[in-house]
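Chemist:
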Amino acid sequence: MSLNDWIRRTRIPEPAPVAREVAVFEPADLYDVDTRDDPEAAPILCCTGDGAGAAAFNALWLKRIAASGRYAAAVSVRGQGGTPAAPGGIEARAHDVVQAVTGIPRQAVLVGHGLGAGWAALAAARYPAAALVMVAPGKLPKQLPKPVGGPPVLLVVSEDDAQSKGVQAIAETFGVAPLTFAGDANDVFKGTNAEGLLDAILSWLDRKD
26 MSLNDWIRRT RIPEPAPVAR EVAVFEPADL YDVDTRDDPE AAPILCCTGD GAGAAAFNAL
86 WLKRIAASGR YAAAVSVRGQ GGTPAAPGGI EARAHDVVQA VTGIPRQAVL VGHGLGAGWA
146 ALAAARYPAA ALVMVAPGKL PKQLPKPVGG PPVLLVVSED DAQSKGVQAI AETFGVAPLT
206 FAGDANDVFK GTNAEGLLDA ILSWLDRKD
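Read in order, the letters of the sequence shown correspond to residues 26 to 234 in the numbering used here.
1) Could you have a look at G221 and say whether DSSP puts it in helix, strand or coil?
2) What number of angstroms, rounded off, separates the C-alpha of A149 from the C-alpha of E65?
3) Looking only at its own chain, which residues have a Cβ that is under 7 Å from the Cβ of N218, when we skip the five neighbours before and after it?
4) By Cβ distance, which residues of its chain are closer than 6 Å to F199, with the 5 residues on each side in sequence left out?
5) Can you give me the C-alpha to C-alpha distance between E197 and L230, rounded to a whole angstrom?
6) State buried or exposed for A202, treating a residue as buried only when at least 16 other CB atoms are found within 10 Å of its CB.
7) Whose CA, out of A92, A145 and A194, lies closest to the CA of V160?
8) Provide the residue(s) that pair with T127 in DSSP beta bridges, ordered along the chain.
9) Mind checking T35: buried by the 16 CB within 10 Å criterion, or exposed?
10) Is the region 65 to 74 close to the region 131 to 145, with three or more CB pairs under 8 Å?
11) Please go through the region 190 to 215 and give each complete beta strand (DSSP E) segment of 3 or more residues, from N-terminal end onward.
12) Under 8 Å: do the region 124 to 132 and the region 85 to 103 share three or more Cβ pairs, one atom per stretch?
13) How would you call D54, buried or exposed, if buried means at least 16 neighbouring beta carbons within 10 angstroms?
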């Protein structure tokens, strides 16, 4: 068998193209807030393992991110929101995230919640993210590749999960100390705790820009 034949047999095929939904909110879309686009602030793309996909970020996250002067976007990967189901596991969904983030005008921050944290982490190994933020991560691959370009990494977990073996393993992999928040790991999209959590993430990003 020739080398080229071996490569063709062993190479992981690209996932089949699928429809994706991307919700976008820019500072200019805020009619009730006096804010301007900050050209020095990296855009943010969010993803979540929640079945609602991009819609999960609509109520609070996108508007609050845009109010900070950043371009805000969220993606529904295959099978989320109104997108059709398509074959593929975590690698395919990471591919969807990469395809979405490459359509953003500037080098972006990847924010992943729940299972979406794993997709964002894998996407950051293929796309040179400005930063990687993992919020209440779900199950991640045992062997996570290093992010391209060594971007800053933020791991955000609930106080109850901070000492779990899974969180400690992720923290060790990326060489970071977790930022903790009060409340349930799934209660990050609404309420006072969610607002404080998002403000803490944005403050961290402001220091990294």
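Here a beta-carbon is modelled for each residue, glycine too, at the ideal position from N, C-alpha and C.
Modeler: Well, looking at it:
1) As a first step, residue 221 is located in the sequence shown; it is residue number 196 there, counting from the start. Helix.
2) Along the sequence shown, one-based indexing puts residue 149 at 124. Along the sequence shown, one-based indexing puts residue 65 at 40. Whole-angstrom Cα-Cα distance: 20 Å.
3) Working through the sequence shown from its first residue, we reach residue 218 at position 193. F206, A207, G208 and D212.
4) Mapped onto the sequence shown, residue 199 falls at position 174. The answer, listed in chain order, is V178.
5) For the purposes of this step, residue 197 is taken as the residue at position 172 of the sequence shown. For the purposes of this step, residue 230 is taken as the residue at position 205 of the sequence shown. Their Cα atoms are separated by approximately 21 Å.
6) Residue mapping note: residue 202 aligns to position 177 of the sequence shown, counting from 1. Here A202 is exposed: its Cβ has fewer than 16 other Cβ atoms, across all protein chains shown, within 10 Å.
7) By 1-based counting over the sequence shown, the position of residue 160 is 135. Checked all of A92, A145 and A194; the closest Cα to V160 is A145.
8) Counting from one through the sequence shown, the residue named residue 127 turns up at place 102. Answer is none; T127 lacks a bridge partner.
9) Numbered from its first residue, the sequence shown carries residue 35 at position 10. Its pLDDT being 39, under 50, T35 is placed unreliably by the model, and the measurement read from it follows with that caveat. T35 should be labelled exposed.
10) Three or more Cβ pairs drawn from the region 65 to 74 and the region 131 to 145 lie within less than 8 Å of each other, which places the two stretches in contact.
11) Secondary structure within the region 190 to 215: the beta strand (DSSP E) runs of 3 or more consecutive residues, fully enclosed, are 204 to 206 (chain order).
12) As far as the Cβ criterion goes, the region 124 to 132 touches the region 85 to 103, which means the pair count is three or higher.
13) If you number the sequence shown from 1, residue 54 lands on position 29. Exposed is the call here.
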